[in-house]
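Enquirer: All residue numbers for the sequence shown refer to the numbering used here, where the first residue is 168 and numbers rise by one.
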Amino acid sequence: MNVPHPRAALIIALAVPLVVALAAVGAGATGGTDDVRAAVVNEDEIVSVTADDGTEQPVAVGRLLAAELTDDDAFDWTITNRADAESGLDDGTYGAVLIIGSDTSAAAVSPAGAPADVRHAHLRIQTSDAVNPVAGELAQTVTDAALAALNAQVTETFVDNVLVSLGTIRGSLAEAARGATTLADGQRDLAEGAGQLATGIGQLENGAGELADGTTRLADGSSQAATGSAQLAQGLARLDGGAQELRDRTAELPAQTAQLDAGAQELRAGADRLDAGVQEIADSVAPLFEIAQHLTDLIIGWSSECAGAGLPADVCATVDSIVAEAEQVNADIQAARGRVGELTAGTGQLAAGLQQLSDATARLAAEAPQLTAGIGQLADGTAAARGGADELADGTAQLAGGARAAADGAVQLREGAGQARAGSGELADGSEQLAAGGRELADGLDEGVEQLPAYSDDEREQLSRVAARPVTAESATSHRISPAALPVPSAIVVAALAAAALVWSFRAPLGRETLLAGSPLRQIVGSRLLPAAVLTVTAVSAALVALALTNGLGAASSARFIALAILGTLALTALGQGLTAAVGRLGAAAIALLAAVATLAVRVPEAASEGVRLLYTISPLTPLLEGLRAEQTGTASLEAPLALVAWGLVGLGLSAWAAQRRRSDVASWLLRPA
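#1: Just grab the DSSP bridge partners of S215 for me.
#2: Tell me the DSSP secondary structure of A205 in three-state form.
#3: Straight-line CA distance for V192 to L716?
#4: Indicate whether the contact test is met: 3 or more Cβ pairs, each with one atom in the segment 417-433 and one in the segment 529-536, closer than 8 Å.
#5: Just tell me which of Q501, I729, A699 has its CA closest to the CA of A713.
#6: The beta strand (DSSP E) spanning V769 covers which residue range?
#7: Any idea if R674 is buried or exposed, counting beta-carbon neighbours within 10 angstroms, 16 or more meaning buried?
#8: Per the contact definition of three or more C-beta pairs closer than 8 Å, is the segment 538-546 in contact with the segment 414-421?
#9: Give the straight-line distance between the Cα atoms of G845 and A205, rounded to the nearest whole angstrom.
#10: Based on the DSSP secondary-structure assignment, which residues constitute the bridge partners of I267?
#11: So the beta strand (DSSP E) D243 belongs to, where does it begin and stop?
#12: Compare the beta carbon distance of Q224 and L601 with 9 Å and say whether it is the shorter of the two.
#13: Starting from L781 and walking both ways along the alpha helix (DSSP H), at which residues does that stretch end?
#14: Using the rule of at least 16 other Cβ atoms within 10 Å of the residue's Cβ for burial, across every protein chain shown, is N373 buried or exposed?
#15: How far does the alpha helix (DSSP H) with R796 in it reach, from first residue to last?
#16: Quick check on T260: does DSSP put it in helix, strand or coil?
#17: In three-state terms, what does DSSP make of D238?
#18: Tell me whether the segment 699-708 and the segment 784-800 touch, counting them as touching only if at least three CB pairs, one residue from each stretch, are closer than 8 Å.
#19: What do you reckon, are the CB atoms on A386 and A564 nearer than 9 Å?
#20: Determine contact between the segment 756-774 and the segment 803-820, defined as no fewer than three beta-carbon pairs at a distance below 8 Å.
#21: Within 10 Å of its beta-carbon, does R291 have 16 or more other beta-carbons around it, so buried, or fewer, so exposed?
#22: Taking only runs that begin and end inside the segment 335-417, name each unbroken alpha helix (DSSP H) of 4 or more residues, in chain order.
#23: Less than 9 Å between the beta carbons of D211 and I246, yes or no?
#24: Check whether the Cβ atoms of L695 and L677 lie closer than 9 Å to each other.
#25: What's the call for L181, buried or exposed, on a 16-neighbour Cβ count within 10 Å?
#26: Whole angstroms is fine: what's the gap from A741's alpha carbon to R830's?
#27: Closer than 7 Å by C-beta to S591: which residues in its own chain qualify, once you throw out the five before and the five after it? Chain order, please.
#28: Considering only their Cβ atoms, is the gap separating L737 from S657 smaller than 9 Å?
#29: Taking the alpha-carbon positions, what's the A643 to S804 distance?
#30: Should Q586 be labelled buried (16 or more other beta-carbon atoms within 10 Å of its own) or exposed?
#31: For the ligand FMN, I want to know if D575 counts as a neighbour, meaning its beta carbon is within less than 8 Å of at least one of the ligand's heavy atoms.
#32: Quick check: what's the CA-CA separation for Q398 versus A404?
#33: What three-state label does DSSP hand A532 in the structure shown?
#34: So the alpha helix (DSSP H) G660 belongs to, where does it begin and stop?
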């Protein structure tokens, strides 16, 4: 084969990895869409909804959506009209056009209205691939995100209204539960009252029986009272006649009592004179009584002295008889003296009694007019009583009739009370059942109230947000790499692979001179590997410098990143020498191509098939790619460097094996017979 000039090969070997690395970075980087203009045509008409307090609240969904889009940095959104948007889409001014229909707000609030009027709000997106082939897809993605946010907001409002309504329902149920409790209490009171009513009606029935008996006795008594009142009227009539006669006969009583008083006065005066005369006589005869007693005592003294005086016995006998007569006379005189005293006392008592009689007749004379007046009043009263007795007779007769009617009514009352008692018992039973049902209703309403949660404004707002967005995602990237540095590891791998492939495309992996000279294997392998390694490391180093200046390496440690890139380049160079020496350039190229596809085409190894994942795992490019990425994120370990060293040793082993085989072949060729 024709080998290019060494200087040209050197330039190609240095330039190609650099170009390949920069091209890989450019191809892997995602172009921005900040320069793509998109138009928003808002034709939505504002609608109004009525709040719970009766106020009208405007709803402008189109404006909210337009605000969501214009706040997004992925596109340069411009709010315009339909004509400008369509013409701009045709001439390339706009890469995407979003048209918001006129009934968007009306459709968004339609769930709050009649079920038949509920509908979706529809948007229309128009794109032009002439401006940006991916603009349509990106515009759809941005619009979907804005729609999701808008739908969540509308859903949040709807859920908030539902929760408010739920709170209203809970309040109404609570009020109904309180009313049901009050009703149940009232029904229980009604049952108790009905029981008490039944008891009271039973008592009323008993009382009505007693009333019937009493009114019967009252009717009988009233009949007797009517008879008695008639007799009373007759008696009062006779009493009135006697009173009238008494008044007629006592009309002259005052004059007669006056005369009686005058006679009593005269009798008292005569008694006073009689008492004075008797007292005077008693005073005049009092000395005579003393003289008679003295003479009698003197004669008795003489009689006692007669025998002593020596007088004859007959004289003494005469004296004794005289003494006896004198004593008898004196006794009579003294008895008369006592009667005089009695007479004096009797005249005094007579005078005192006549004095009392005079006083009594005086009082009688003074009170006789009042007595006659009282008798007149008695006569008038008996006349009035006679009239009242007649009325009493008539009234008691009517009372007897009413009492008889009351007795009949009491009997009917007793019968009605019996019926009412039975009905009140049924009322009590029904009231108990009604109270039990009211209590069950109150308990059911209380359970319903307990099952309906009560939310504060903050809780309702939180629930609305969660219900509108039940699942949210929060992205957190550890060991973040700048987007510009993401394709750098792949570019380094491509550059190292390209450098190794170009070097062994222009250089033979094993030198003929060293083979023919019988040099040691390390000299045979090293004499070709060291210049090639210098060339590939120089090329990759240039690529690293260029990437660092353009995109940045994005590595936690640039020194370790560069060292790993150089180590990988050396390993690929050694492996390329071994493969080229072992299977030839075509075989090595095929293996390199398969390794590049297996490593660089697989974005997520875990999601690939088992065969692809196996190729990815055994590819010699995989340790370099994963090691460089680990250096970028700061999670590097010794696994990648050791794997690269192992692949380098594999390459050296293949080169040594190929050199040994080539040397054996040369020896066999030289020793074959001519």
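Note that the Cβ used here is the ideal one computed from N, Cα and C, for glycine as well.
Expert: Let me spell this out:
#1: P225
#2: strand
#3: Residue placement at V192 is poorly supported in this model, since its pLDDT is 49, which falls under 50; the coordinates still yield a value, given next. Answer to the nearest angstrom: the Cα atoms are 13 Å apart.
#4: yes
#5: I729
#6: It is not in any beta strand (DSSP E) - V769 carries neither H nor E in the DSSP assignment.
#7: buried
#8: yes
#9: A question about residue 845 goes unanswered here, because the residues of the chain that appear run from 168 up to 841.
#10: N209, L290
#11: 243-247
#12: no
#13: 777-785
#14: exposed
#15: 788-800
#16: coil
#17: coil
#18: no
#19: no
#20: no
#21: exposed
#22: none
#23: no
#24: The amino acid at residue 695 is misidentified as Leu; the sequence shows Arg. In contact: R695 and L677 (Cβ atoms closer than 9 Å).
#25: Bear in mind that the predicted position of L181 carries a pLDDT of just 45, short of 50, making it too unreliable to give a figure here.
#26: 20 Å
#27: A361, L364, A365, I368
#28: no
#29: Bear in mind that the predicted position of A643 carries a pLDDT of just 49, short of 50, making it too unreliable to give a figure here.
#30: exposed
#31: Ligands displayed in this structure: none; no statement on the ligand FMN is therefore possible.
#32: 10 Å
#33: helix
#34: The question names Gly, but residue 660 in the sequence shown is Val. V660 -> alpha helix (DSSP H) spans 655-673.
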